[in-house]
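Report on the following structure.
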Amino acid sequence: MSAVEFSAATAANHAPLVQRVDGIFAAMGMITGGPGPDIVLADRTEPGRASVRLTRGPRPALRRAESGLELDYLDGSNETTLAALLAAATPAGLPIAADTESLTVLALAERLAASDIPVLINGPTGTGKEVLSRFIHARSPRRDGPFIAVNCAAMPEAMLEALLFGHQKGAFTGASQSSEGFFRAADGGTLLLDEIAEMPLTLQAKLLRALQEGEVVPIGATSPIKVDVRIIACANRDLPLEVQEGRFRADLFYRLNVFPLALLPLRERGEDIAPLAFALLLRHAAPGQPIPWLSESALALLKAHSWPGNVRELENVMRRALLLAGNADEIAPHHIHFDGIARLVEAGATAQPGAPAGGFGGLPGGGLPGGGLPTAVPGAGGKTLSNIVQMHEARAIMQALAECGGSRVAAARRLGISERTLRYRLASFREAGLEVAAAGGRS
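So in UniProt numbering the end of the sequence shown lands on 443, straight run, no missing numbers.
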């Protein structure tokens, strides 16, 4: 059974729109885990069933209904119409894609889900690695088990072992009670290790043993405990290079790299932008609030952007657009404002004393050439304390990297922080739209 169901009459009345959506789902290999279809495409609302009612009309519109969504459209061959229907017809929790490269990855992930081998997902920050991981878990025989996501970069390095493998009461100072750890919490399900390249080498050896033996030894314990966990690891750095330079264990890499998947940056899969944008509008439009249509000119702006922050940046842009559009029927180009940390850093280095701070939240230049947010938005005209702190932190880090020839080790030493903290800061800049790729060296 495919992820959408429709009658022959619906297919005939709404050709070629329905056939195009059905073809995309077929290319993804999306098979439902339940006894019936996830979404019904129909000419009328289906009571008691999740459905999308399709209507040809003079104006495109997307509305919430009691049992689903209603889509009015003018041209079934239009890309924006297809994107809106893809967003509306994709069941909650599943990835949304229209680009050929993305569809290929999802089809492979569907087949991979049926097995129990480790999965290694590579891709830049914000490209949807956790979404893909949840998709694999949801389509696997472990779907009824737990899904535990752990960000290795966000965990205190000294506590990571205890958090992963657990500890006994009194095993170390402050261990007032025992803890099972993430491995045992994920028993019978899936454990996602995000940003695994940030894991210390000493802990990598213990992780390798846990994968090989299927058991963990909590801190303070003397006997191993069996666990049944599928591992999905994600990395936003080049792991073969990390292995070559001695920062990641080769044996662990080969243990994880049984079937690697790679997610491209959003700028390299342009056909995904429109359906993702509509999906984000559906996600963030408040209950009772109208869902504005994405105009062709606004979509053209989105497709022309380079998206250094990938899908996370797109989510910021669409949430911003919803706020600015208010109760308008359509999102227009003047509602689109891109993240501006890059402009903040660049302008901060060249700004004249006393120059006014315009644009989004004090970011010079706003989101479009020559323009910031409308002055009606409270607080958009001046810098907040967080803006100032963020600006100076970004400028200091960029300057230290430049003076150290791009070496993160030397820059971290000069700034008085750990290299791990520096990497985390750089990743946060990338998520917010700051290009820092040239500062990726580690010599």
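In this text, a Cβ means the ideal position worked out from N, Cα and C, and glycines have one as well. All values derive from a computational prediction rather than experimental measurement.
Span of the beta strand (DSSP E) holding residue i?
| i | result |
| --- | --- |
| N148 | For the record, residue 148 in the displayed sequence is Ile; it is not Asn. 147-151 is the extent of the beta strand (DSSP E) around I148. |
| N122 | 119-122 |
| S178 | Segment: none, S178 is in no beta strand (DSSP E) and carries neither H nor E. |
| E70 | 68-73 |
Could you give the residue range of the alpha helix (DSSP H) that holds residue i?
| i | result |
| --- | --- |
| L108 | 100-113 |
| residue 449 | In the structure as shown, the chain begins at 1 and stops at 443. Residue 449 is therefore absent and cannot be evaluated. |
| N13 | 8-13 |
| G300 | The amino acid at residue 300 is misidentified as Gly; the sequence shows Ala. Unbroken alpha helix (DSSP H) run through A300: 296-304. |
| I24 | 17-28 |
| E242 | 239-244 |
| L281 | 273-284 |
| R184 | 181-185 |
| I196 | Per DSSP, I196 belongs to no alpha helix (DSSP H) and is neither H nor E. |
| S133 | 129-138 |
Measure how close the beta-carbons of residue i and residue j come, nearest whole angstrom, since I'm counting them as under 8 Å.
| i | j | result |
| --- | --- | --- |
| L263 | K169 | Their Cβ separation, rounded to whole angstroms, is 41 Å, which puts L263 and K169 out of contact at 8 Å. |
| residue 444 | R53 | Summary: the structure shown does not reach residue 444, with the chain confined to residues 1 through 443, and so no result is reported for it. |
| E250 | L193 | A quick correction: the sequence has Ala, not Glu, at residue 250. The pair is not a contact, with the Cβ atoms about 17 Å apart (cut-off 8 Å). |
| residue 480 | A171 | The question about residue 480 has no answer here: the residues shown for the chain are numbered 1 through 443. |
| T10 | A42 | 6 Å |
Short of 6 Å in beta carbon distance, which residues of its chain neighbour residue i, apart from the five on each side in sequence? Order them along the chain.
| i | result |
| --- | --- |
| G379 | With a pLDDT of 38 at G379, under the threshold of 50, the predicted position of this residue should be treated as unreliable, though the coordinate-derived value follows. The answer is none, since no qualifying residue turns up. |
| Y424 | A153 |
| S140 | A113 |
| E242 | A197, F248 |
| L256 | P118, L120, A233 |
| P275 | A83, L86, A87, I96, A98 |
| L415 | A400 |
Who are the Cβ neighbours of residue i in its own chain at under 8 Å, not counting the five residues just before and after it?
| i | result |
| --- | --- |
| F183 | L164, F165, G166, L191, A210, V216, V227, V229 |
| L261 | V105, L108, A109, L112, V119, L120, I121, N122, L132 |
| G370 | In this predicted model, G370 has a pLDDT of only 33, less than 50, meaning its place in the structure is not dependable enough to derive any value. |
| S306 | R267 |
| E213 | P224 |
Smallest Cα separation from residue i: which of the options?
| i | options | result |
| --- | --- | --- |
| L74 | S7, T90, E393, T55 | T55 |
| E296 | R142, E180, R20, I273 | I273 |
| T125 | D238, L103, L282, N78 | D238 |
| L207 | A221, D187, I231 | I231 |
| S102 | E161, M28, S115 | M28 |
| G188 | A175, G145, P156 | G145 |
Spatial neighbours of residue i within its chain, please: C-beta separation below 7 Å, excluding the five flanking residues on both sides.
| i | result |
| --- | --- |
| L301 | P333, I336 |
| R134 | G93, F147 |
| Q177 | K169 |
| M159 | none |
| S77 | P16 |
Check whether the segment 85-104 touches the segment 17-25, taking contact to mean three or more Cβ pairs, one atom from each stretch, closer than 8 Å.
yes
Tell me, please, whether the segment 287-296 touches the segment 324-332 by the rule of three or more beta-carbon pairs shorter than 8 Å.
yes
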